[in-house]
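This is the structure in C-alpha cells:
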C-alpha cells in the first residue's frame, strides 16, 4: 500500500532523495525529512514560477522571467550564478573589452 503522504506530493521523492544523497554531508535521510524537503521544493518552485509569471505578458514562462526574478530579488541571491541574466555575444564582447581596458589602465598606473 502506498504512503498517504506521497499522494500529496507532485515531485518524485526518489529524485529528491538522489539529489539529497549527492551532498557529501548527508549520510542518512529519514522519511519525514525527505517528505519535508520534497514539499519545500515544490513550494519554492511554485513561488518562483508565480513571481516569474508576474513579469510575463503571456502565460508561457521563459528563462528570461526566471532570471529577472532572481536578479531583482535579494532573497534569490543564492541563485544568481545558476540563473544569470542572458546576454548577447555582442554584449559579452563589449564587457570583455571594457574589462581589458580597465586592466590596462590599472597596469599603466602602477
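In our numbering, the protein residues as written are 6 to 115. Ideal Cβ positions, reconstructed from N, Cα and C, are used throughout, including at glycine.
Evaluate residue i with the Cβ neighbour count: other Cβ atoms within 10 Å of its Cβ, from every protein chain shown; 16 or more gives buried, anything less gives exposed.
i           : result
residue 71  : buried
residue 24  : exposed
residue 110 : exposed
Looking only at its own chain, which residues have a Cβ that is under 7 Å from the Cβ of residue i, when we skip the five neighbours before and after it?
i          : result
residue 66 : 54, 57, 58
residue 81 : 74, 75
Using C-beta distances below 6 Å, list every residue in its chain close to residue i, excluding the 5 sequence neighbours before and after it, in chain order.
i           : result
residue 31  : 25
residue 90  : 72, 76
residue 100 : none
Relative to the alpha-carbon of residue i, which residue among the options has its alpha-carbon at the smallest distance?
i          : options         : result
residue 50 : 15, 69, 100, 79 : 15
residue 52 : 74, 96, 106, 95 : 74
residue 78 : 103, 60, 36     : 60
Round the Cβ separation of residue i and residue j to the nearest angstrom and send it over; I've been treating them as touching at under 8 Å.
i          : j          : result
residue 18 : residue 43 : 5 Å
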